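Some notes on the structure that comes next.
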Amino acid sequence: MKVGDMVRVVLEVDDGFKEHHYGRIRQFRKADGQNYRRKVAKPHSAYVDLDHAVSGRIVPLAEITPEADDFEIITDYSEVHRGAAEYMDWYYKCLECGGYAYKPAEVKVIHKASGQCVRLCADCNTDNRRAQLGHSMMWDQRRNKEAILRLIEAPELIVGPVDDYDADVYRQWADVFPYLVPERAADLYEQWKTAHVQR
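Take the sequence shown: its position 183, counted from the start at 1, is 183 in the working numbering, and no numbers get skipped.
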C-alpha cells in the first residue's frame, strides 16, 4: 500500500453494527501515532480520508484492505454482456457514461460481500467508481437497520406461516438483500425454503 491508494476500513457504529467505509490513505503513522518526519520505515498504521465520514481515521495497517480485494472484475466479453438480449439490446452500455454515450461495457465489477454488480467501460472502471459500489452496501444497511435489528432479536419472524403478511414481507426483503440478513435468520429462512420447495 502507498499514499493515495483507495482502501476499505471497517468502523463500528451504534447498535453493534459494523460498516465498510472506503477512502484514501493520506499518510502513514508510527506505532505511537506520530507522523514520520522523513522516510517512512515499517509503518504501523495509516491516516485514511474516508468518503462518507465526518473525519478520517487512524487505522492499523492490519485492519486496512485494498479496495481491489473487495471486487471481482470480469473482462470476458461474453460474460460481461450475458443477458443483454433480454433487454432487446446487443450489449450493456457503460453505467457511468450515461445513456447518450452508447459506449459498451468492457468490464463487469462484482462487489464480493454483497453480490451487487455494475458494468463499466475501461475508462470508468476506476477505484472511485468501485468504492461507490462498495458503499452501496453501507447505505443499504443504514436504510434497513430496523429490519436487521428485529431479525437479530427474533429470527423466527422470517419463517412464519405462508399467509402471514409480516413473515412474507421479511422473506421478500431477504430475497432482495440476502447480504443483510442476520446469520441465524438466514439459516432459518434457508431451511424454510427447502421445506416449502419440497412440498
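By construction, the Cβ of each residue, glycine as well, lies at the ideal position given by its N, Cα and C atoms. Source: prediction; values computed, not measured.
Between the C-alpha atoms of residue i and residue j, what's the straight-line distance to the nearest angstrom?
| i | j | result |
| --- | --- | --- |
| Thr-75 | Asn-144 | 33 angstroms |
| Glu-190 | Tyr-36 | 51 angstroms |
| Tyr-170 | Ala-31 | 46 angstroms |
| Arg-26 | Gly-134 | 20 angstroms |
| Phe-17 | Ala-195 | 31 angstroms |
Using C-beta distances below 6 angstroms, list every residue in its chain close to residue i, excluding the 5 sequence neighbours before and after it, in chain order.
| i | result |
| --- | --- |
| Gly-200 | This structure does not reach residue 200, given that the chain is present from 1 up to 199, and the question cannot be answered. |
| Ala-185 | Leu-151, Pro-155 and Ile-158 |
Assuming residue i and residue j make a contact with CB atoms under 8 angstroms, what is their CB distance in whole Å?
| i | j | result |
| --- | --- | --- |
| His-244 | Met-137 | Only positions 1 to 199 of the chain appear in the structure, and residue 244 is not among them; the question remains open. |
| Ile-148 | Pro-182 | 6 angstroms |
Look at the Cβ atom of residue i, then the Cβ atom of residue j, and state whether they are nearer than 8 angstroms.
| i | j | result |
| --- | --- | --- |
| Lys-108 | Asp-70 | no |
| Gly-33 | Val-7 | no |
| Met-1 | Ile-73 | no |
| Glu-96 | Cys-124 | yes |
| Ala-154 | Gly-160 | no |
| Asp-140 | Glu-67 | no |
| Lys-103 | Cys-94 | yes |
| Glu-106 | Ala-131 | no |
| Val-59 | Val-3 | no |
So what does residue i bridge to, in DSSP terms?
| i | result |
| --- | --- |
| Met-6 | Arg-24 |
| Tyr-47 | Gln-27 and Ile-58 |
| Phe-71 | His-111 |
| Cys-121 | Cys-121 pairs with nothing; no bridge assigned. |
Can you list, in chain order, the residues of its chain with a C-beta nearer than 7 angstroms to that of residue i? Leave out the 5 residues immediately preceding and following it.
| i | result |
| --- | --- |
| Leu-180 | Asp-140, Gln-141, Asn-144 and Ile-148 |
| Ala-84 | Trp-90, Tyr-91 and Tyr-92 |
| Trp-173 | Ala-147 |
| Val-40 | Phe-28 |
Sorted by chain position, which residues of the same chain lie with C-beta nearer than 8 angstroms to residue i's C-beta, five sequence neighbours on each side aside?
| i | result |
| --- | --- |
| Ala-53 | Leu-11, His-21 and Gly-23 |
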